[in-house]
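Participant: Before we start, here is the structure in question, set down as structure tokens.
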Amino acid sequence: MNNLKPCSHTKRWLPLLVKGRLHGIVLWYLRMHVKRCNNCTEAIEALRAAEECIAAAQQASRNGPGELSSDRMATLEDLFREGQPNDAQ
Amino acid sequence: MPLLELFDGWWLFAFVICAIDTIPQAAIGAVSRPADRSGEKYAALAKELMPRLLASARRLTSDSDKAQDLVQDALIKGFEAYRAGNLELTDWVIGWFIRVMSNAHLNSIRRETRRATGELTSEIEATLADSDPKSRPDHWIEPQEQREALARALATLSEDHREVIVLVDLEELSYDDAAATLGVPVGTVRSRLNRARYALADAFRPLLTHMEIAQ
Chain D
1 MNNLKPCSHT KRWLPLLVKG RLHGIVLWYL RMHVKRCNNC TEAIEALRAA EECIAAAQQA
61 SRNGPGELSS DRMATLEDLF REGQPNDAQ
Chain V
1001 MPLLELFDGW WLFAFVICAI DTIPQAAIGA VSRPADRSGE KYAALAKELM PRLLASARRL
1061 TSDSDKAQDL VQDALIKGFE AYRAGNLELT DWVIGWFIRV MSNAHLNSIR RETRRATGEL
1121 TSEIEATLAD SDPKSRPDHW IEPQEQREAL ARALATLSED HREVIVLVDL EELSYDDAAA
1181 TLGVPVGTVR SRLNRARYAL ADAFRPLLTH MEIAQ
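Structural data, given as structure tokens:
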């Protein structure tokens, strides 16, 4: 059950506002609307919290090895080798 | 006369058989036969995709061992599906692996906690309660805690919502690729994504309450 109740005419745009993908008059209107609408403000804050966590996850994923550990690689290589058509016959 | 008609029929039959026999094997789907699904071809794909898959796994979990397990398990599942003829090595095959990893990880969170949606939200609150926002002026919680909170929040979503968020928002697949991965029209991806974003945001509302109290 979703407890966020943004206005029906802004519902489509608020996630895009949080992602910074809106421009021009739509952006201007939504900013004006959100300033005086509690429901939309609450929705924006929750969407922004989720967006920050997604950004943190994306940032973290850039650091780390590009390969599996050697023991895991060996397991996979064995499996793929056994899966050769010639071996299967 | 009927004998002659029968003779004509045999000529036609013989012609069709000869024509089929001259068609190259590749043109009649020999490539997709399970017998030709070599481990070598799959291994090359696995090697190519591995950095991307590991990065995807790290988005889902802050535990590097768990991330490696997720990738290994997904590649094994993929190989089984490939050998069985249930997985094609298409341009958007990455989506298949991301789906497998996210479902495996987030379902395990669900199983581990064995809690309903509201109680899972309490887990997020607990994560926040352990952090001290005052000592971190730039961030309301540590990035690692944010990732854990995200995983728990994702685990509260329905599978449809969770998959579209993971594919489009977390993995930044195009709408077209997400649609191909999920087997739904692009319009469905757009509408489902909008609903999913609100569902995820709703799971984060307890965090906001905590922030207000902390400030």
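Residue numbers (this note's numbering), protein chains in the order written: chain D, 1 to 89; chain V, 1001 to 1215.
Each residue gets a CB set at the ideal place from its N, CA and C atoms; glycine is no exception.
In this text, all values refer to a predicted model and were calculated from it rather than measured experimentally.
Kindly indicate which residue of R1037/V, W1092/V, L1167/V has the alpha-carbon position closest to the one of A1057/V.
Facilitator: L1167/V
Participant: In chain order, what residues of the same chain have a beta carbon less than 7 Å from the beta carbon of L1054/V, not counting five sequence neighbours either side?
Facilitator: A1067, V1071
Participant: Using DSSP with H/G/I as helix, E/B as strand and the rest coil, what is S1245/V?
Facilitator: Since the first residue of chain V shown is 1001 and the last is 1215, residue 1245/V is not available in this structure.
Participant: Is the beta carbon of A1203/V less than 9 Å from the beta carbon of S1158/V?
Facilitator: no
Participant: By DSSP, does F1097/V sit in helix, in strand, or in coil?
Facilitator: helix
Participant: Do you know offhand how far E51/D's Cα is from G1095/V's?
Facilitator: 21 Å
Participant: Since I54/D is in the alpha helix (DSSP H), which residue starts that stretch and which ends it?
Facilitator: Where I54/D is concerned, the enclosing alpha helix (DSSP H) stretches over 38-61.
Participant: Does any C-beta atom of chain V lie closer than 9 Å to the C-beta of N39/D?
Facilitator: no
Participant: Report all residues from its chain with a CB closer than 6 Å to the CB of N3/D; omit the five preceding and five following residues, and keep chain order.
Facilitator: none
Participant: If I'm right that K11/D touches N39/D with Cβ under 8 Å, what's the distance once you round it to whole angstroms?
Facilitator: Not a contact, Cβ separation roughly 10 Å.
Participant: When the Cα of L1193/V is compared with those of R1205/V, P1206/V, A1178/V, G1183/V, which residue comes out closest?
Facilitator: A1178/V
Participant: Quick one: list the residues of chain V neighbouring A50/D, beta-carbon separation under 8 Å, in chain order.
Facilitator: L1150, A1153, R1197, L1200, A1201, A1203, F1204
Participant: Using 8 Å as the cut-off, can you tell me whether the stretch 1082-1093 of chain V makes contact with the stretch 1039-1053 of chain V, which would need three or more C-beta pairs spanning the two stretches below that distance?
Facilitator: yes
Participant: Identify, in the order they occur along the chain, each residue of the same chain with its Cβ nearer than 8 Å to the Cβ of I25/D, setting aside the five sequence neighbours on each side.
Facilitator: none
Participant: How about M1050/V and L68/D: are their beta carbons less than 9 Å apart?
Facilitator: yes
Participant: Check whether the Cβ of D1169/V lies closer than 9 Å to any Cβ atom in chain D.
Facilitator: So, interface residue.
Participant: How big is the Cα-Cα spacing for A1196/V and V1184/V?
Facilitator: 15 Å
Participant: So, is the C-beta of A1055/V closer than 9 Å to a C-beta in chain D?
Facilitator: yes
Participant: Let me know if W28/D comes out buried or exposed under the rule of 16 or more other beta-carbons within 10 Å of its beta-carbon.
Facilitator: exposed
Participant: Could you round the C-beta distance between L16/D and I44/D to whole angstroms and report it? I think they count as a contact, below 8 Å.
Facilitator: So it is not a contact: roughly 11 Å between Cβ atoms.
Participant: How should S8/D be labelled, buried or exposed, when 16 other C-beta atoms within 10 angstroms of its C-beta is the threshold for buried?
Facilitator: Exposed: under 16 other Cβ atoms inside 10 Å.
Participant: Just verifying my parser: in three-state terms, what is the DSSP assignment at E77/D?
Facilitator: helix
Participant: Where does L1070/V sit, in a helix, a strand or coil, going by DSSP?
Facilitator: helix
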